[in-house]
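Asks: This is the structure, below, for whatever I ask next.
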Amino acid sequence: MENKYKNSYNLLQNDLKNKILMLDGAMGTMIQRENLTADDFGGEKYEGCNDYLVLQRPDIIKNIHKGYLEAGSDIIETNSFGALDIVLKDYDLEDKAFEMNKAAAELVNEAIAEYRSKHPEVTRNLYVAGALGPSNKSISVTGGVTFEELIHSYYTAVSGLLAGGVDLILFETIQDTRNLKAAYLGLKKAMEENYTVPLMLSFTIESTGTTLAGQTADAFYYAVNHMNPFSVGLNCATGPEFMTQFLKTLNNISNTYISVYPNAGLPNEDGEYEETPDTLSAKIEPFFQNHYLNIVGGCCGTTPEHIQRIKEKSINYEPRVIDKNKDFNDVSGLIALETPKDRPVYVGERTNVIGSRIFKNLIANEKFDEATEVARLQIKGRADVIDICLANPDRDEIADMKSFLDKVAKFAKIPLMIDSTDINVVKEGLTYLQGKGIINSINLEDGEKKFADMAKVIKDFGASVVVGLIDEEGMAVSVEKKLKVARRSYELLTKKYGIDERDIIFDTLVFPVATGDQKYIGSATATIEAIRQIKAEMPNVKTILGVSNVSFGLPIAGREVLNTYYMQKAYEAGLDYAIINTEKVIPMNEISDEEKELSENILFHTNDENVSKFANFYREKKAVKKVADTSNLTTEEKVANLVVEGSKKDLTILLDELLKKYSPIEIINGPLMTGMDEVGRLFNNNDLIVAEVLQSAEVMKASVSHLEQFMKKDESSVKGKVVMATVKGDVHDIGKNLVGIIIGNNGYEVIDLGINASAEKIREAIIEHKADFLGLSGLLVKSATEMVNTMEVLREAGIDIPIFVGGAALTEKFTVNKIEPAYKNNIVIYSRDAMTALSDLNKMIDEKKFEEFKEHLQKRRELVTIKDAKKLEQLKVKPTVSDIKDADGTFDFSKVELPKYNFEKIYKPQTLNKQILTNIKAKDVFPFVNLQMLIGKHLGMKWIVNNLIEKQDPRTIKLYNEILDIVENGGEYFDIKAIYKFFPAHRKTGKRKDDFKIEILSDDLSTVLETFDFPRQKYGQYLSLNDYVSPEGIDYIGFFVATAGEKSRLVSNELKEKGEFYKGHIVNSIGLELAEATSEYIHKMMRQDVGIIDKNISLNEILNAQYQGNRYSFGYPACPDLSDQRKLFNLLKPERYGITLTEEFMMYPEATVSAIVFSQPFCKYFNM
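In this note's numbering, the protein residues as written are 421 to 1588.
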C-alpha cells in the first residue's frame, strides 16, 4: 500500500529523522476565548457542537489554526474531534459527518496556504492531521453502540478527511481499544477507496494508571501493533508528570515514533488549568532530554503561547531514534502477558464445553454469570491465558460466544484465546477483546483456504494464532512429519500471507500414551523432539501443547503427576504455552523419585509393562490425609474440637445432632464456648497464632448462624453490646478489628465506629445503642491522651459502663494512673490482645465472676498505682512516634562542637519532574516485604520467620503460601501507587551557630516553597537533619508517598462481612506491609535517580537500610513533628491520587508511608 502514500509521507519521514515535530495545542480552549453565542453555532439547537463551526464559522477556526502556525506548529489538527455521525446524532447533524470532515481538512489546508503567503521566508514542511476522538460512546464502558456502527462511523469520517486532503489520520484520546479496533477497520476501508496516509494513535491514561476501559500502556501497544501505526503516544487527562512512567514503557518496547501532548496540568477548583507556558515547557523538557519523543504538542488548556515555549525548548534536542531491536510483540488483555521465568505460560482449559461437562451445562442452561466463575477460578489458579471454546453443536456458537465474552471481558485482565474452527465465531469473538488475543486454531487439513481466510482476520484484528501440525494427510505423529508440516505452514503464513512469525504458535500435538494404540508408541518423545527442532530452526515462533491428552485413560491421581512431569520435559525442550487445568498442576519437588521414574518409563519407554506399572501404582495409592482420631469423642467434644481446629467439616451435622438434646443457647454457651476457651488457652500459651484464632472465629460465626434459625423469638445469643472505636486523630485499626472479630463471634454485638472517632461521636453511639461496654484503640502516643479526654466527656454525660482499652502505645500502668482516674470510680481495663479482651468481657457478664474480677482489678491497681505526684506527672506511654520535640529552646549549642561533613558530591537527580507510579504490581514489591513483621507480628507466628520457612515449618509454610497466592493476584486486593519528586534545596543559616533551616525551592529556584526546621540532639553528636543539606549552593532533597491503597481495607471488610475473618485479616496485614515494601521499592528508584547504585546488597541489608542515602518519616525520632506532613503534602499533592491527611496529620489510607529523602553517605538514623 506504500505506493499509494501522498508525497508528504516521505517529507514527514525525513523531518522526523532530523527534529522533534510540533503539533498544535487545544482547539476547545481557543474556541472558549471567542465567547461565541448560539448564533455562531447556527442556532440554539447546535450550541456546543464545536465541530459544526467548520461550516458555521470557518473564519474563527481558520484563525485558530493560523495562530498555532505562527507559534511554530508543524502539524495542525483538523477541528473534527467529535465529527462522527454517532456523536453528531445528538444534534441531528449525523448526515453532515462527511461534509464536516472534508471542510475541516480543507480549512487547515487554506490556513497553511495563507500562512505561507504571509511568510514566504518560512520553509519548514507543514502537515494536516485529520483528528478524530473516541466518540461519546465506549463499547466496553458505556455501551449503546455496536462494533459495526463504529466501523461505519469512522469510515464516513475518514473518507471526508481524505477528501479534504489530510496528510495523516490521528485517532486521539483513545479510551477503549475495542472502539479503536472498529475505527481501524473503518480507516482501512476508507483508505482502500481513496489513498493511504500514516496513522497516528494517541491514547489517554487516567489517574488509575490505565485507560478508561482498564488497559495498561504496554497491553495497549501490543493490541494495536497490527495497525502498523506511524506513531503511538499519549494525550489529555493529565499533565506531563503523570505521563512519565507510560512514556518510559512505550520507549522501551516500541519501534514506532512516539508523541505526547499533555493538558496544561490538572484543572484547579475553578476549572482553570494550572500550568503556564513556562512551567509546562519545563516539565516536558525532561522528555526531550531522555530522547523519549518525536512529536510533541498540547491538549486541554494549552494555547499558542504554550506551543511556542515548548517549541523553543524542543529545538535544543535530538529526536528519539527508532531502535528496530525494540520491536516487541506479545499478546495482551487489559494487561500484557507476563511470561513466567520457570514454567510455560499456562492456558486455562476449563472454559471449554468440549473438555468440561460442568462448564458445558452452565452454558447450555445459559447461566453465564456462573460460567464466568469458572474463568475466575482459573485466573486465581495461576492461568496466564484463558482458552474459551463454546462449540456445542446443539447451540448457537456465535450467540454463546457473544454472551459469555460480554461478561468475561469485563473482569479478565489476562489475554484470551478464542477457540473455534468457525471463522465467523473467531471474528465475532475478537471484537470483544481489548487486547491482542490468540486464535485457536488453524491447520492444513483442508488445504490453504483456512490460512488465507484467517490471515485476513489476523491482520484486521491483531492476534496470534495456534497452528496445528495437521495437513491433508492427517495429524503429524512422527518427528519428520511434524517438521514437514511446520515448515510448510511457516512458509505460507510468513511469505505468502505476511503474518509475523512471532504470532505463530505451533501445536506439535500430544497423543495418549496408555490407550494401546500402536501408532502412538513413541509419540510423546516425537512431540518433545519436534518442539526442540522447531525452536532451533524457527527461533521466533512459539509452541503449545494440550498437555492433559498424554494421560488420557489413566487413574486421576496418576494423570496429574504425568501431566506435570511431561509438561516439565516439554518446557525444557522449549515449550512456550501449556493448555492445562492449572488447579491440578503439582510442583515438581512434590513428585517422588519413584513417581518420576514411572512417568519417565510410560512416556519415553512405552510398553504394556510400564503402562501397567504406572496404572497399578496409582490405583493402589490412596490420598490419605492425616487427621486427628475423633471417633472416641462425644458430639459435644467433637463440636468443641472443630472450634479449636478452625474446621467446619460436618459442623452442621454435629450441631443438628446436639439440637436433639440442647437448646441453641445451651449449645452456644456449652460446647462452642468450651472450644473458644481452649482457643484462648492455646493462644496464651503461644500454641495458636492470630491467624488460627480467626479460623476458630469463622467456625463460631457459622455455628451461631446455623443455630439462630432454631431460636425462639424471645431468645438471643447476644451477651451484650460493645461500641468499639479508634480514637480521634488515629487511623490505625488492625488491632481493633481483630478484637471486634473475636468478641463479635463469641456472643457480643459489636457497633464499630471505625477510625478517627471523636469523644462526642463515641458518647452518642453509647447512648443510641444502649451499649454495655466500650472498647477503645489507638496506636499513637497522642491517642492515649485522647483516651483521657474521651473518659472526661463520657463521665460528664453520666456514662459508667466498663471500658477496655488497647494499642501499641498503651501500658497497664498508664491506663491505671492516667485513663481510669479521668473516668472517676468506673472501670477501665487494659487489654493486651483480643483473647484477653474476650476473657475480660466474659467475666463481666457473669455476676459472680464480675465480683471476683473486680477484686482482681483492685489488686492490679494497688500494684501499679503511682503515689508519688512528681513521678505520676512524668508518666508517659510507650514511645512510638511523634513524642519527642525540641521545644524548650534552652540548650546553648554555641558551647558545643556541632558535626561537620564533607560534601564531596551533590547528588543531582536526572529530573525534577514529579514521578507518579500507578498500577505497581504487588509481586514486584513483595520481595521488599519484611516477613517478620507480616507473619510474625500481624499474623502472630512466634520465632524467627525466615528460619521457620527454611525449615519448612508446616504452619508457617501454609501461611506463606496463602500470602503468595494473594500477592500473585494482587490486583484484586491492592491498588499500589507512589509519588516522588526531588526538589532543589539550600541550607539557610541564621544568626546563631546552630540556626540552620532547610528551604525547599521551586524547580527554577525563584520561590521558597516550604521551610523545614528539624530539631537537634542535646547530647552525643548533636545531630540534626538540617546538617544533611550542603551549606553551599544548591542541593537536592527527595520526598515520596507510597500506598497500598484503600482497596485492601475494602476487600478485607467485605471478606469479614462474609465471615472470612482469616483471609480478611491476612489481606489487611499484607496491605500494611506492602506499603512499607513499596517505600523501599521507591527509595531504591530514588537512589538510582541520583546515581547511587546498590552493589551486591541482600534483601536483609536493604531492610536494615545498609545502603547509601536515608529516608526519614515524620513523627519518628529524627523528625518528630508530625505536622511537617502537611508540608510534604503541599509539595507532592497526593490528594489527587486518593491519599489524604487528617486534621491530626495522619495519612489515609492507613497502608501509606511518606518520607523525606537525603542522599549523602554520612546520613544516619538517630534519636533525639
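From the three backbone atoms N, C-alpha and C, an ideal C-beta is built for every residue, glycine too.
Please state whether DSSP places GLN1528 in a helix, a strand or coil.
Replies: DSSP places GLN1528 in coil when its eight states are reduced to three.
Asks: Do you know how far the Cα of SER1518 is from the Cα of ASN1021?
Replies: Each residue's Cα considered, the two are about 43 Å apart.
Asks: Alpha helix (DSSP H) containing ASN781: first to last residue?
Replies: 777-784 is the extent of the alpha helix (DSSP H) around ASN781.
Asks: Using only the alpha-carbon positions, how far apart do VAL644 and GLU454 sit?
Replies: Answer to the nearest angstrom: the Cα atoms are 38 Å apart.
Asks: On the three-state DSSP scale, how would you describe LEU1542?
Replies: Three-state DSSP puts LEU1542 in coil, outside helix and strand.
Asks: Is ALA1462 closer than 9 Å to ALA1398 when the C-beta atoms are compared?
Replies: The answer is yes: Cβ separation under 9 Å.
Asks: In angstroms, rounded to a whole number, what distance separates the CA positions of PHE972 and LYS904?
Replies: Those two C-alpha atoms are separated by around 27 Å.
Asks: Can you confirm whether the segment 1468-1480 touches the segment 1422-1434 when touching is taken to mean that 3 or more C-beta pairs between the two stretches lie within less than 8 Å?
Replies: These segments do not touch.
Asks: When the Cα atoms are used, what is the spatial distance from ILE481 to VAL561?
Replies: Approximately 32 Å between the Cα atoms of the pair.
Asks: For the alpha helix (DSSP H) that PHE1416 lies in, which residues bound it at each end?
Replies: Where PHE1416 is concerned, there is no enclosing alpha helix (DSSP H), although the beta strand (DSSP E) it sits in stretches over 1416-1421.
Asks: Determine the extent of the beta strand (DSSP E) in which TYR642 is found, giving its start and end residues.
Replies: Where TYR642 is concerned, there is no enclosing beta strand (DSSP E), although the alpha helix (DSSP H) it sits in stretches over 637-644.
Asks: Please indicate yes or no: does the CB of ARG1531 lie closer than 8 Å to some heavy atom of the ligand FAD?
Replies: You won't find the ligand FAD in this model; it holds no ligand whatsoever.
Asks: Ends of the alpha helix (DSSP H) at MET397?
Replies: Outside the modelled stretch of the chain, which goes from 421 to 1588, sits residue 397, for which no answer is possible.
Asks: Taking only three categories from DSSP, how would you classify SER1051?
Replies: Of the three classes helix, strand and coil, the one that applies to SER1051 here is coil, per DSSP.
Asks: Take ASP1455 and list the residues in its own chain whose beta-carbon comes closer than 7 Å to its own, dropping the five residues that flank it on each side.
Replies: Answer for ASP1455: ILE1326, ALA1405, HIS1406 and VAL1449, listed in chain order.
Asks: Given a cut-off of 9 Å, decide if ILE1161 and ALA1191 are closer than it, judged by their beta-carbon atoms.
Replies: No, the Cβ-Cβ distance between ALA1191 and ILE1161 is not below 9 Å.
Asks: Taking DSSP's pairing of strands, which residues face ALA1398 in a bridge?
Replies: ALA1398 pairs with LEU1337 and ALA1462.
Asks: ASP927 bridges to which residues according to DSSP?
Replies: Per DSSP, GLY888 and ILE964.
Asks: Could you tell me how far apart the beta carbons of GLY653 and SER627 are, in whole angstroms, since I believe they sit closer than 8 Å?
Replies: With a Cβ gap of about 18 Å, GLY653 and SER627 do not count as contacting.
Asks: If LEU552 and SER493 are in contact, beta carbons under 8 Å, what's the gap, nearest whole angstrom?
Replies: With 8 Å as the limit, LEU552 and SER493 do not qualify as a contact, their Cβ atoms being about 19 Å apart.
Asks: Taking the DSSP output, what are the residues bridged to GLU497?
Replies: ALA549, per the DSSP bridge assignment.
Asks: Applying the criterion that 16 or more other CB atoms from any shown protein chain within 10 Å of the CB defines a buried residue, is ILE774 buried or exposed?
Replies: So ILE774 counts as exposed.
Asks: Quick one: what does DSSP say VAL1248 is sitting in, helix, strand or coil?
Replies: Three-state result, VAL1248: strand.
Asks: With distance defined between alpha-carbon atoms, name the residue in MET1567, PHE640 and GLY1529 nearest to GLY1535.
Replies: Considering only alpha carbons, the answer is MET1567.
Asks: How would you write the range of the beta strand (DSSP E) that MET620 sits in, first residue to last?
Replies: Per DSSP, MET620 belongs to the beta strand (DSSP E) from 619-623.
Asks: Give me, in chain order, the residues of the same chain whose beta-carbon lies closer than 7 Å to that of ASP880; leave out the 5 immediate sequence neighbours on both sides.
Replies: Cβ neighbours of ASP880 beyond the five flanking positions: LEU605.
Asks: Taking the beta carbon of LEU1199 as the centre, do at least 16 other beta carbons fall within 10 Å, making it buried, or is it exposed?
Replies: Counting Cβ neighbours within 10 Å, LEU1199 comes out buried, since at least 16 surround it.
Asks: Which residues in the same chain as LYS465 place their Cβ atom closer than 6 Å to its Cβ, once the five residues preceding and following it in sequence are excluded?
Replies: If we look at LYS465 and ignore the five residues flanking it on each side, it has no Cβ neighbours.
Asks: Classify THR1235: buried if its beta carbon has 16 or more other beta carbons within 10 angstroms, exposed otherwise.
Replies: THR1235 should be labelled buried.
Asks: Can you have a look at ASN545 and say buried or exposed, based on whether 16 or more other CB atoms are within 10 angstroms of its CB?
Replies: Answer is exposed; the Cβ neighbour count stays below 16.
Asks: Can you tell me where the alpha helix (DSSP H) holding ASN969 begins and where it ends?
Replies: No alpha helix (DSSP H) contains ASN969, which DSSP labels as neither H nor E.
Asks: I'd like to check one pair, LEU1445 with CYS1539: are the Cβ atoms closer than 9 Å?
Replies: Yes, the Cβ-Cβ distance between CYS1539 and LEU1445 is below 9 Å.
Asks: Quick check on the burial criterion: 16 or more other C-beta atoms within 10 angstroms. Buried or exposed for ILE1223?
Replies: So ILE1223 ends up on the buried side.
Asks: According to DSSP, simplified to helix, strand and coil, what is GLU1029?
Replies: The answer is helix: DSSP assigns GLU1029 an H, G or I state.
Asks: Going by CA-CA distance only, name the one from GLU1267, TYR940 and ALA934 that's closest to VAL897.
Replies: That would be TYR940, whose Cα lies nearest to the Cα of VAL897.
Asks: So, helix, strand or coil for LEU1425, using DSSP?
Replies: Coil.
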